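Residue numbers for the sequence shown follow the numbering used here, beginning at 37 and rising by one.
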Amino acid sequence: MGHDIVIRGGNIVDGTGNKPFHADIAIDGDQITAIGKVGSKGKRELNAEGLQVSPGFIDLHTHMDAQIAWDPLVTSISWHGVTTALLGNCGVTFAPCKSSDRNYLAAMMETVEDIPREAIIGGLPWNWEHYGDYLNSIENLGPSINVAGLVGHCATRYYVMGERSVEELATADDIRQIAGLAERSVKEGAFGFSTNRLPEHVLPDGRSIPGTFAAPEELEAIAKAIGPHGGIMQTVFGPKGFEVDMEIIANGARHARAALFSTAVEVGNDRTNKKVREMREEGLDVTSVTSVRGGGSVSSLMNNVMPNTRGPYSSPAWTELKNLCFADRLLKIRDSAFRTQLVNEVKIKDGEPSGYPFLGKDGFKHVFYMGNGDRPTYIETQSLKDIANNSGEHPVEVWLRIIDETDGKALFHNRAFNRDLEALEELISYEWVSPGLGDGGAHVGIMIDSGWSTFVLSHWHRDRGTYSLEEAIRKITSMPARVLNLKDRGSLTVGKRADINIFDIDKLEECMPELVHDFPFGASRFIQRAVGYKATLVNGKIILEDDELTGIRAGNVLRSYN
37 MGHDIVIRGG
47 NIVDGTGNKP
57 FHADIAIDGD
67 QITAIGKVGS
77 KGKRELNAEG
87 LQVSPGFIDL
97 HTHMDAQIAW
107 DPLVTSISWH
117 GVTTALLGNC
127 GVTFAPCKSS
137 DRNYLAAMME
147 TVEDIPREAI
157 IGGLPWNWEH
167 YGDYLNSIEN
177 LGPSINVAGL
187 VGHCATRYYV
197 MGERSVEELA
207 TADDIRQIAG
217 LAERSVKEGA
227 FGFSTNRLPE
237 HVLPDGRSIP
247 GTFAAPEELE
257 AIAKAIGPHG
267 GIMQTVFGPK
277 GFEVDMEIIA
287 NGARHARAAL
297 FSTAVEVGND
307 RTNKKVREMR
317 EEGLDVTSVT
327 SVRGGGSVSS
337 LMNNVMPNTR
347 GPYSSPAWTE
357 LKNLCFADRL
367 LKIRDSAFRT
377 QLVNEVKIKD
387 GEPSGYPFLG
397 KDGFKHVFYM
407 GNGDRPTYIE
417 TQSLKDIANN
427 SGEHPVEVWL
437 RIIDETDGKA
447 LFHNRAFNRD
457 LEALEELISY
467 EWVSPGLGDG
477 GAHVGIMIDS
487 GWSTFVLSHW
497 HRDRGTYSLE
507 EAIRKITSMP
517 ARVLNLKDRG
527 SLTVGKRADI
537 NIFDIDKLEE
547 CMPELVHDFP
557 FGASRFIQRA
567 VGYKATLVNG
577 KIILEDDELT
587 GIRAGNVLRS
597 YN
């Protein structure tokens, strides 16, 4: 009797960390039914000779909550082998939500995650109030990959407290209601609760989002409420409250099933490592997600991330340039008088930051040209400041010159964190660190890190050798599956769901990011494709073949109680 699909002769990297082995894999329906020498033919045969076969990758940090409504193919992460994505990170979600609060939550998502408000309001069906209904709505959209969700502190707190949720401490009755609503959301399928303590994440009026300054007692009550139902606590903590926030994470792990926090960074990782090791020695299940390369934005003439165009640091000529369309921007920078004005506005004045103030006073030291090839350069050692020092130019002159030479197509990578790649290499080697933090679906007009999984395999395994292949695969499959308690995914085992990648490790690369205008109402976003993926299967269906999505939407909405 034949099988639905047989993958022939691949190098099986099963996700457990065990050594790879040569075998066939048989798939029937949505399950793996045989691994070894498969004699029966498949209705479809996939030749994997010379290729790697792994479980599908699991992305623990996305904000696809809105995008999935108008982009059920879930790009860009589906181009990079991701077969399961976790939504609802950082405390911001669209449920629970009273009908009167939709605009409020949309506006908050816009300022925190840079997702256009119009796209959120016009692109989502908004046919829910509670979290279970939201999951039902996503399920009806039919995504191409599996999705799981966390319920956010902002929406939950605002549902209970309204405007008081922004700046006031919760009363005992508020806490009881917030914890009860969080418990309901987990019972309805949320995998846990997310909270955000970073003051820089703000509402349109500039105030920090609801829950930022919540008392530890409030978070402990939530953890106690969701823990008996297997919920996890996800936390974003700010740099000003390390000791308090680490204790909140530990306390969350004591009462909930596990704690997940974003993001561990390479600066001070010894301090964080010591704290997490102490938690783990206590028996607590604590994991962090971090960016696998310098985290930050993409600067270009095509989007609005340019020197001297941010908030109070904006200057007249750069503001004028920002307000033009791309074609006129290119003409303007080729006007010698205007170009001189642009340069003069960026040059350092006494005591003032220069060019990229949000990257620090010496911002150009952290800006890198991504190259003019088909593949982006992420490990370049020459910053714009280095190039300028060698050429006798000012860094902004280098920026403008490269823009001019490439007819406006040049992209620059602005590294805001995880800048020290040697320290980052140590960080991602810790057992408690899961590489990821692609932020897929968020900040779409200013950054694109959705190719994190491809980078883990191409750079940290193949090029750098930091990870063995089996360890790299374990870190992005069974490790995040364990965090989410996904017992039927994360490894290649008979009886588990057939979420599978087939790829050529020698050819695997991220493509150069592209700026497209495919969001509702014409909003722009960066996308990033990949090369080297022979096939991606979700629940036994081929959603990608030879680097191209097939259009098949085989994903499931995963619920915590399944």
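A virtual CB, placed ideally from N, CA and C, is assigned to each residue, including glycine. Computed from a predicted model, the values in this text were never measured in an experiment.
Three-state secondary structure assigned by DSSP to residue i
{"i": "THR572", "result": "strand"}
{"i": "LEU8", "result": "A query on residue 8 cannot be resolved here, the shown segment of the chain reaching from 37 to 598 and no further."}
{"i": "THR129", "result": "coil"}
{"i": "LEU544", "result": "coil"}
{"i": "LEU296", "result": "strand"}
{"i": "THR192", "result": "helix"}
{"i": "ALA566", "result": "strand"}
{"i": "PHE453", "result": "strand"}
{"i": "HIS430", "result": "coil"}
{"i": "ALA286", "result": "helix"}
{"i": "GLU236", "result": "coil"}
{"i": "ASN598", "result": "coil"}
{"i": "ARG510", "result": "helix"}
{"i": "ARG375", "result": "helix"}
{"i": "GLY558", "result": "helix"}
{"i": "GLY242", "result": "coil"}
{"i": "THR231", "result": "strand"}
{"i": "ARG525", "result": "coil"}
Residue i burial status per 10 Å Cβ neighbour count (16 or more: buried)
{"i": "LYS223", "result": "buried"}
{"i": "ASN425", "result": "exposed"}
{"i": "ASP485", "result": "buried"}
{"i": "LYS577", "result": "buried"}
{"i": "ILE61", "result": "buried"}
{"i": "ILE415", "result": "exposed"}
{"i": "ALA373", "result": "exposed"}
{"i": "CYS547", "result": "buried"}
{"i": "PHE404", "result": "buried"}
{"i": "PHE57", "result": "exposed"}
{"i": "ASN139", "result": "exposed"}
{"i": "ALA155", "result": "buried"}
{"i": "SER350", "result": "exposed"}
Within 8 Å, strictly: CB atoms of residue i and residue j
{"i": "ILE369", "j": "LEU378", "result": "yes"}
{"i": "VAL322", "j": "VAL334", "result": "no"}
{"i": "ILE68", "j": "LYS532", "result": "yes"}
{"i": "ASP535", "j": "THR207", "result": "no"}
{"i": "VAL432", "j": "ILE423", "result": "no"}
{"i": "GLU253", "j": "LEU460", "result": "no"}
{"i": "ALA559", "j": "LEU82", "result": "no"}
{"i": "ASP554", "j": "HIS99", "result": "no"}
{"i": "MET391", "j": "PRO343", "result": "Reading off the sequence, residue 391 comes out as Gly, not Met. Result yes, Cβ atoms of GLY391 and PRO343 sit closer than 8 Å."}
{"i": "LEU528", "j": "ILE48", "result": "yes"}
{"i": "ILE71", "j": "ALA84", "result": "no"}
{"i": "ALA300", "j": "VAL519", "result": "no"}
{"i": "ALA102", "j": "VAL187", "result": "no"}
{"i": "PRO91", "j": "GLY526", "result": "yes"}
{"i": "ILE482", "j": "LEU337", "result": "no"}
{"i": "VAL202", "j": "PRO240", "result": "no"}
{"i": "ARG220", "j": "HIS166", "result": "yes"}
{"i": "PHE273", "j": "ARG233", "result": "yes"}
Range of the contiguous alpha helix (DSSP H) that encloses residue i
{"i": "ASP210", "result": "208-223"}
{"i": "GLN103", "result": "103-106"}
{"i": "ASP169", "result": "167-177"}
{"i": "SER486", "result": "Unbroken run through SER486: none, as it is neither H nor E."}
{"i": "GLY159", "result": "153-159"}
{"i": "LYS310", "result": "305-317"}
{"i": "MET342", "result": "MET342 -> no alpha helix (DSSP H), and no H or E assigned at all."}
{"i": "ASP364", "result": "362-369"}
Residue i, enclosing beta strand (DSSP E) - first and last residue
{"i": "MET269", "result": "268-273"}
{"i": "THR69", "result": "67-72"}
{"i": "GLN88", "result": "88-91"}
{"i": "ALA184", "result": "182-185"}
{"i": "ILE536", "result": "536-539"}
{"i": "ALA62", "result": "57-64"}
{"i": "SER333", "result": "331-336"}
Residue(s) in a DSSP beta bridge with residue i
{"i": "LYS39", "result": "Before going on, a small fix: residue 39 reads as His here, not Lys. Answer by DSSP bridge pairing, in chain order: GLY78."}
{"i": "TYR405", "result": "PHE448"}
{"i": "PRO471", "result": "THR326"}
{"i": "ALA121", "result": "ASP95 and VAL183"}
{"i": "ILE578", "result": "LEU573"}
{"i": "ARG44", "result": "ASN83"}
{"i": "LEU585", "result": "LEU580"}
{"i": "GLY476", "result": "THR98"}
{"i": "VAL593", "result": "VAL183"}
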